[in-house]
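Engineer:
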Amino acid sequence: MKKTLLVIALLLAFMAMQAQEIDLLIKGGHVIDPKNKIDQIMDVAIADGKILRVEKNIDAGKAKKVVDAKGLYVTPGLIDIHTHNFWGTEEDRYLRNSYTALPPDGFTLRAGVTTVADAGSPGWRNFLTYKNQTIDKSKTRVLVFLNIVGDGMSGGPREQDLADMDPKLTAMIARQYPEYIVGIKLAHYVGHDWTPAERAVEAGKLADIPVMVDFGSAQPPLSIEKLYMEVFRPGDIFTHCYGHVGGREAVVDDKGKLRPFVLEAQKKGIIFDVGHGGGSFLWEQAVPGVQQGFKPNSISSDLHTGSMNGGMKDMTNIMSKFLALGLSVQEVVEMSTWNPANIIHRPELGNLSPGAPADIAVLNLQKGDFGFIDVKGFKYKGDSKLICELTVREGDVVYDLNGIASPIWKP
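In structure tokens form, the structure reads like this:
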């Protein structure tokens, strides 16, 4: 009799498990999914690493694990399209296989970031090294803007070498690895010369991918109007859009006026990316820029050792800066999810459509008295701050700040 009862109990347990079609259910959160125009309290069901469905009042009995997200925002996993993750131990190589770059998983998942696009750390000569030690070893999805300099972002005179800026070879590697390479990058060139930008755009045309430019310095400065209106194509990206460094024109002039062609360029389809970093976000640019209608297309961090402990910190901190500037939660989420997904031509990312990868950020909007620092050390105050509570990557909980996805310990 006891054996019969045990068999029945096991059978019932097995049947119950079979009925649990949902691996993870996030219940009662305020879902913001800009692609699908969802902005309300809903449940998100995940199965087999994919979004199963997003609906109201999904039966918790059908889920193996349930997360109570009441009072929290549930968004697609954040996409940071300007990071530097070619970490290694080579001396004097700046962001190429050296100490200034960072392995992504230690600094992304805890901020709700599930996808990064490295902004030019490797070039065509060392992309395979980058793939082997960073892309293939990371839980974070790692994509790449391939540097027009074959040696990558190795600093100093190596980034000034016109002979190493080969559009054909750069495009060949980009076409060979389209699952990883999403764009071309030019950065740090010093000199009154359009050749580097023109070669980057040529590589972008050959590979049919966008170009991101971190404009270098020149005396006299090269015209950003010419860059936007003549050199760039619609869809090309100007990063560090709220920066102001010597030898480079800023979008807001010395009188606090937004240059008149900036909004025209944005309307034309030029992408303006934050790329905060350790030296490229100033309140003197961001405050008047936003007040005069200039909002970024994408929020990004420019993550490396020189930015992570300064005013930048992480993606949620940068998103909070734009809340302080008057943008809505919905706007900053769109600039950190669906917009960047489209900018890098990855429409399968940055959304919660059924069948999409189950990359999710659960964010807590805290209210209080907060201070946000720019790269010159000036503080701007705000009353709202986003904190990442939970990150899900392809259906797996990979970061859980306060244990909302964890069972309570009992002695």
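Sequential numbering of the sequence shown, starting at 44, is according to our numbering. We put the CB at the ideal spot given by N, CA and C, even for glycine. On a predicted model such as this, the values are computed, not experimentally measured, just so you know.
#1: Quick check: the stretch 63-78 against the stretch 89-102, are there 3 or more CB pairs under 8 angstroms?
#2: Measuring alpha carbon to alpha carbon, tell me which of Arg242, Asp236, Met351 ends up nearest Gly320.
#3: Excluding the 5 residues flanking Gln373 on each side, which residues of the same chain have their C-beta closer than 8 angstroms to its C-beta?
#4: Which residue's Cα is closest to the Cα of Gly398: Met85, Leu229, Ser181, Val97?
#5: Taking the alpha helix (DSSP H) that Pro454 falls in, what are its first and last residues?
#6: Could you tell me which of Tyr142, Gly234, Trp237 sits nearest to Met196, measuring between CA atoms?
#7: Just checking Thr238 against the ligand SAH - is the residue's beta carbon closer than 7 angstroms to any of the ligand's heavy atoms?
#8: Per DSSP, what are the beta-bridge partners of Trp130 in this structure?
#9: Please return the same chain residues whose Cβ sits closer than 6 angstroms to the Cβ of Ile471, not counting the five positions on each side in sequence.
#10: Going by alpha carbons, who is nearest to Pro165 out of Phe129, Arg153, Ser181, Gly149?
#11: For Trp381, is the classification buried or exposed, using 16 other Cβ atoms within 10 angstroms of its Cβ as the cut-off for buried?
#12: Can you grab the Cα-Cα spacing for the pair Glu327 / Lys93, in whole Å?
#13: Measure the C-alpha to C-alpha separation of Ser323 and Ile313 and round it to an integer number of angstroms.
#14: Any idea what DSSP makes of Ala230, helix, strand or coil?
#15: Kindly indicate which residue of Lys248, His347, Ala230 has the alpha-carbon position closest to the one of Leu205.
#16: Could you please give me the residues that DSSP links to Pro400 through a beta bridge?
#17: To test your reading of the DSSP string, which unbroken alpha helix (DSSP H) runs of 4 or more residues are found completely within the stretch 293-347?
#18: Taking C-beta to C-beta, are Ile227 and Ala240 nearer than 8 angstroms?
#19: Quick one: grab the DSSP three-state call for Tyr423.
#20: Could you check whether Phe304 and Pro339 sit closer than 8 angstroms to each other, using their CB atoms as the reference points?
#21: Just to confirm my understanding: we take Arg153, look at its own chain, exclude 5 residues before and 5 after, and list those with CB closer than 6 angstroms. What are they?
#22: Answer yes or no: do Phe337 and Leu306 have a C-beta to C-beta separation smaller than 8 angstroms?
#23: Taking Cβ to Cβ, would you say Val225 is nearer than 8 angstroms to Ala243?
#24: Enumerated in chain order, which unbroken segments of the beta strand (DSSP E) with a length of 3 residues or greater are wholly contained in the stretch 165-209?
#25: Considering just the uninterrupted stretch of the beta strand (DSSP E) at Thr118, what are its terminal residues?
#26: In the DSSP output, which residue or residues are listed as bridge partners for Asp257?
#27: Identify, in the order they occur along the chain, each residue of the same chain with its Cβ nearer than 8 angstroms to the Cβ of Gln309, setting aside the five sequence neighbours on each side.
#28: Taking contact to mean 3 or more Cβ pairs, one atom from each stretch, closer than 8 angstroms, check whether the stretch 207-217 and the stretch 167-182 are in contact.
#29: Can you check which of these residues, Ala217, Ile451, Val288, is closest to Pro253 by C-alpha distance?
#30: For Asp345, which residues in the same chain have their Cβ closer than 6 angstroms to its Cβ, ignoring the five residues on either side in sequence?
#31: By Cβ distance, which residues of its chain are closer than 6 angstroms to Asp417, with the 5 residues on each side in sequence left out?
#32: Locate the beta strand (DSSP E) running through Lys70, then write down its first and last residues.
Structural biologist: Taking the definition as stated:
#1: yes
#2: Met351
#3: Ile75, Pro77, Asp82
#4: Val97
#5: It is not in any alpha helix (DSSP H) - Pro454 carries neither H nor E in the DSSP assignment.
#6: Tyr142
#7: For the structure depicted, the ligand SAH is absent and the ligand set is empty, with no information on it obtainable.
#8: Ser141
#9: Residue 471 lies beyond the range of the chain shown here (44 to 454); nothing can be said about it.
#10: Phe129
#11: buried
#12: 43 angstroms
#13: 19 angstroms
#14: strand
#15: Ala230
#16: Lys93
#17: 304-311, 326-334
#18: no
#19: strand
#20: no
#21: Tyr442
#22: yes
#23: no
#24: 184-190
#25: 116-119
#26: Ala230
#27: Phe315, Phe337, Asn340
#28: yes
#29: Ala217
#30: His125, Gly318, His319, Gly320
#31: Phe324, Leu325, Trp326, Gly354
#32: 67-76
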